[in-house]
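Worksheet: the structure to be examined is printed underneath.
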Amino acid sequence: AQSVTQLDSQVPVFEEAPVELRCNYSSSVSVYLFWYVQYPNQGLQLLLKYLSGSTLVKGINGFEAEFNKSQTSFHLRKPSVHISDTAEYFCAVIPMDSSYKLIFGSGTRLLVRP
Amino acid sequence: DSGVTQTPKHLITATGQRVTLRCSPRSGDLSVYWYQQSLDQGLQFLIQYYNGEERAKGNILERFSAQQFPDLHSELNLSSLELGDSALYFCASSKERERGETQYFGPGTRLLVL
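Chain order of the listed sequences is E and H. This note's numbering applies: residue 107 is where the first sequence begins, and numbers increase by one. This note's numbering applies: residue 2 is where the second sequence begins, and numbers increase by one.
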């Protein structure tokens with residue numbers, strides 16, 4: 107079975123500061139990795155994903171993530187956050203050997219303060 | 002706007018009742034997924050349909066059922082509702098040509114069972 111762990115339930119940060127949201131996964135098979143963002147009262151929007159190739163993935167809105175196979179991690183980073191980045195961020199995986207369903211972490215609330 | 006539509010946006014009903022949630026996938030997408038987002042369980046996969054056929058089942062209760070119609074829209078039926086069924090229900094769609102394809106999420110239906 108697979109699982110995704112987002113240890114930080116909430117991350118407060120000041121505007122223009124850098125931020126890192128942590129994601130670790132557990133799986134007996136290789137996985138595809140995703141980060142989704144959920145703004146208040148909206149659905150989920152894909153920020154970026156890792157399928158193969160370069161372990162550094164760039165996404166929308168200035169976000170990037172790095173896949174580390176040895177540490178089974180896929181941390182999300184942004185060098186300078188804006189107030190508008192305040193949202194819930196979800197890390198998710200799709201196992202390569204089974205269905206197409208997303209398995210989500212519990213989410214991290216990013217709170218950007220002025 | 003993801004291109005996935007869900008109706009209704011909000012639903013308030015009583016315990017023991019039955020409701021139907023509707024989802025229209027993006028144009029050209031053959032696969033529809035249903036997810037439930039609740040405070041205690043987080044985001045969980047319920048069920049997937051591909052081109053009218055059930056493809057995968059997750060943590061879906063027996064009181065819940067779904068189907069995908071020839072025009073590819075999908076309905077999620079929830080019956081004998083309990084207080085604990087109150088949640089945000091998301092539909093997502095993808096073309097599903099290969100694993101790792103982006104799933105596009107609708108805005109969700111917020112269900113409140115009183």
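Glycine is no exception: its CB is placed at the ideal position from the N, C-alpha and C atoms. Please read all numbers here as calculations on a predicted model, not as lab measurements.
With distances taken from CA atoms, which of the options is nearest residue i?
{"i": "leucine 40 of chain H", "options": "H:Phe70, H:Phe65 and H:Gly85", "result": "H:Gly85"}
{"i": "glutamine 42 of chain H", "options": "H:His74, H:Ser25, H:Gly101 and H:Ser87", "result": "H:Ser87"}
{"i": "valine 137 of chain E", "options": "E:Val218, E:Thr214 and E:Asp203", "result": "E:Asp203"}
{"i": "glutamate 54 of chain H", "options": "H:Phe46, H:Glu63 and H:Tyr34", "result": "H:Tyr34"}
{"i": "leucine 89 of chain H", "options": "H:Thr6, H:Thr110, H:Asp30 and H:Glu76", "result": "H:Thr110"}
{"i": "phenylalanine 180 of chain E", "options": "E:Glu126, E:Gln148 and E:Gln144", "result": "E:Glu126"}
{"i": "lysine 96 of chain H", "options": "H:Lys58, H:Leu12 and H:Pro26", "result": "H:Pro26"}
{"i": "glutamine 45 of chain H", "options": "E:Val218, E:Thr111, E:Ser205 and E:Gly211", "result": "E:Gly211"}
{"i": "cysteine 129 of chain E", "options": "E:Ser109, E:Glu122, E:His188 and E:Lys164", "result": "E:Ser109"}
{"i": "glycine 159 of chain E", "options": "E:Ala198, E:Ile166 and E:Phe173", "result": "E:Phe173"}
Name the DSSP beta bridge partners of residue i, please?
{"i": "glutamine 148 of chain E", "result": "Beta-bridge pairing links glutamine 148 of chain E to no other residue."}
{"i": "serine 39 of chain H", "result": "H:Gly43"}
{"i": "valine 55 of chain E", "result": "Not covered by the structure: residue 55 of chain E. The range shown for chain E is 107 to 220."}
{"i": "threonine 223 of chain E", "result": "Coverage of chain E is limited to positions 107 through 220, which leaves residue 223 of chain E absent and any answer about it impossible."}
{"i": "serine 190 of chain E", "result": "According to DSSP, which records beta bridges pairwise, serine 190 of chain E is partnered with nothing at all."}
{"i": "serine 160 of chain E", "result": "Looking at the DSSP assignment, serine 160 of chain E forms no beta bridge with any residue, so it has no partner."}
{"i": "leucine 182 of chain E", "result": "E:Leu127 and E:Ala171"}
Would you say residue i touches the ligand MG, meaning its beta carbon is less than 7 angstroms from a heavy atom?
{"i": "valine 187 of chain E", "result": "For the ligand MG, the structure offers nothing, since it holds no ligand at all."}
Locate the beta strand (DSSP E) running through residue i, then write down its first and last residues.
{"i": "glycine 43 of chain H", "result": "43-51"}
{"i": "glutamine 7 of chain H", "result": "6-8"}
{"i": "cysteine 24 of chain H", "result": "20-25"}
{"i": "glutamine 177 of chain E", "result": "That residue, glutamine 177 of chain E, is in no beta strand (DSSP E); it is neither H nor E in DSSP."}
{"i": "threonine 16 of chain H", "result": "Careful: threonine 16 of chain H lies outside any beta strand (DSSP E) and carries neither H nor E."}
{"i": "leucine 113 of chain H", "result": "110-114"}
Contact check, residue i vs residue j under 8 angstroms by CB: the rounded distance?
{"i": "phenylalanine 169 of chain E", "j": "leucine 182 of chain E", "result": "6 angstroms"}
{"i": "tyrosine 145 of chain E", "j": "leucine 152 of chain E", "result": "Actually they do not touch by this definition, with Cβ atoms about 13 angstroms apart."}
Contiguous beta strand (DSSP E) assignments of at least 3 residues, all confined to the region 54-98 of chain H: 54-58, 65-69, 75-79 and 88-95
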